[in-house]
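One point on numbering: in our numbering, the residue at position 119 of the sequence shown is 119, and numbering is uninterrupted. Think of the CB as a built atom: it goes at the ideal place given N, C-alpha and C, for glycine as much as any other residue.
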Amino acid sequence: MLEKKPLNAGKGSVVVITAPSGAGKTTLAKKLLAEYDQLVFSVSATTRAPRANEVHGRDYHFLDRETFDQHIEQGDFLEWEEFYNGSRYGTLRSDVEHHIKNGYFVLFDVEVKGALNLKNVYGDACLSVFIKPPSTEVLESRLRSRGTESEETLRLRLDRAKMELQQAGHFDAIVVNDDFDLAYAAVKDLITQFTGCSY
Numbered sequence: 001m002l003e004k005k006p007l008n009a010g011k012g013s014v015v016v017i018t019a020p021s022g023a024g025k026t027t028l029a030k031k032l033l034a035e036y037d038q039l040v041f042s043v044s045a046t047t048r049a050p051r052a053n054e055v056h057g058r059d060y061h062f063l064d065r066e067t068f069d070q071h072i073e074q075g076d077f078l079e080w081e082e083f084y085n086g087s088r089y090g091t092l093r094s095d096v097e098h099h100i101k102n103g104y105f106v107l108f109d110v111e112v113k114g115a116l117n118l119k120n121v122y123g124d125a126c127l128s129v130f131i132k133p134p135s136t137e138v139l140e141s142r143l144r145s146r147g148t149e150s151e152e153t154l155r156l157r158l159d160r161a162k163m164e165l166q167q168a169g170h171f172d173a174i175v176v177n178d179d180f181d182l183a184y185a186a187v188k189d190l191i192t193q194f195t196g197c198s199y
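The following block contains the structure:
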């Protein structure tokens with residue numbers, strides 16, 4: 001279930017959880033944040049419209065395209081990307097630096113390309129964990145059960161997921177999410193090793 005690479009225990013400030021859409025990274029991240037005071041969530045900026053129950057500043061910084069473009073021009077993003085549907089997502093440098101300066105470990109829940117970019121920016125100060133679904137069939141089933149995707153969007157997500165799964169080896173650890181409790185325990189163990197904190 002768990003594949004590890006050596007980590008620099010106690011020296012990190014950034015924890016990145018990444019996965020193809022539907023693999024369970026957001027559920028894992030939310031549980032970690034609810035349980036541990038030392039972790040704070042890196043709120044991404046996006047140009048997409050809010051979904052039901054999403055709150056500006058808590059779930060995302062919802063920005064219009066013009067404001068997002070201004071942040072790009074000013075070099076305010078650690079990383080950003082435009083998706084197939086035209087929506088943009090990015091990580092504001094100022095938010096992350098504020099949390100690190102105040103002694104927190106910053107937890108990212110980002111897509112694979114963004115996670116690779118963050119790993120490049122933070123190097124050894126970053127723990128990157130790839131959450132892998134047990135199979136592409138399970139991933140498809142999870143995405144379909146959400147009921148939020150058209151058939152075309154679902155196909156695009158699955159095609160993207162297949163490419164993202166090929167990137168798993170670039171991360172510090174791979175955790176297969178075939179049993180949520182076991183996957184969560186594995187991620188907790190990795191974070192404990194990395195941060196030097198026993199949670």
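Considering only residues of the same chain and omitting the five flanking positions on each side of residue i, which have a CB-CB separation below 8 Å?
i    : result
R144 : L154
T91  : S42, S44, A45, F77, L78, E79, W80, F108, V110, G114 and L118
G57  : V43
E149 : L143 and R157
For residue i, write down the residues that DSSP places opposite it in a beta bridge.
i    : result
F108 : V16
H56  : Y60
L143 : For L143, which the question treats as bridged, DSSP gives no partner whatsoever.
L39  : F105
Measuring CA to CA, which of the options is closest to residue i?
i    : options                   : result
N102 : G24, G75 and Q38          : Q38
D178 : S135, E151 and Q166       : S135
Y84  : G169, E152, C197 and A173 : E152
A19  : A185, L165 and L182       : L165
D95  : S87, R88 and Y104         : Y104
V15  : L127, I131 and D172       : L127
H98  : F171, S13 and Y184        : S13
R48  : A34, R65 and D124         : R65
E137 : D159, D124 and N120       : D159
Y89  : A52, A29 and V112         : V112
T195 : R93, V106 and A185        : V106
I100 : Y122, E149 and Q74        : Y122
Q167 : L63, L116, D181 and T67   : L116
A125 : Q193, D59 and E35         : Q193
L63  : A29, F180, S87 and I191   : S87
Under three-state DSSP, which class holds residue i?
i    : result
T47  : coil
E149 : coil
Starting from residue i, trace the beta strand (DSSP E) in both directions and tell me its first and last residue.
i   : result
T91 : R88 to L92
F83 : Segment: none, F83 is in no beta strand (DSSP E) and carries neither H nor E.
Go through its chain and collect everything with a Cβ distance to residue i's Cβ below 7 Å, but skip five positions before and after it.
i    : result
S204 : No answer is possible for residue 204: the residues shown for the chain start at 1 and end at 199.
C197 : Q38
I72  : W80
R93  : D76, F77 and L78
Mind checking which residues open and close the alpha helix (DSSP H) that includes residue i?
i    : result
F180 : F180 to T195
E66  : R65 to E73
A29  : K25 to E35
Can you name, in chain order, every residue of its own chain whose Cβ lies under 6 Å from the Cβ of residue i, other than the five neighbours on each side?
i    : result
I131 : A19, A23, G24, K25, V175 and N177
F171 : S128 and F130
A183 : V175 and N177
Does residue i have its Cβ less than 8 Å from a Cβ in chain C?
i   : result
E66 : Of the protein chains in this structure there is only one, and it is not chain C.
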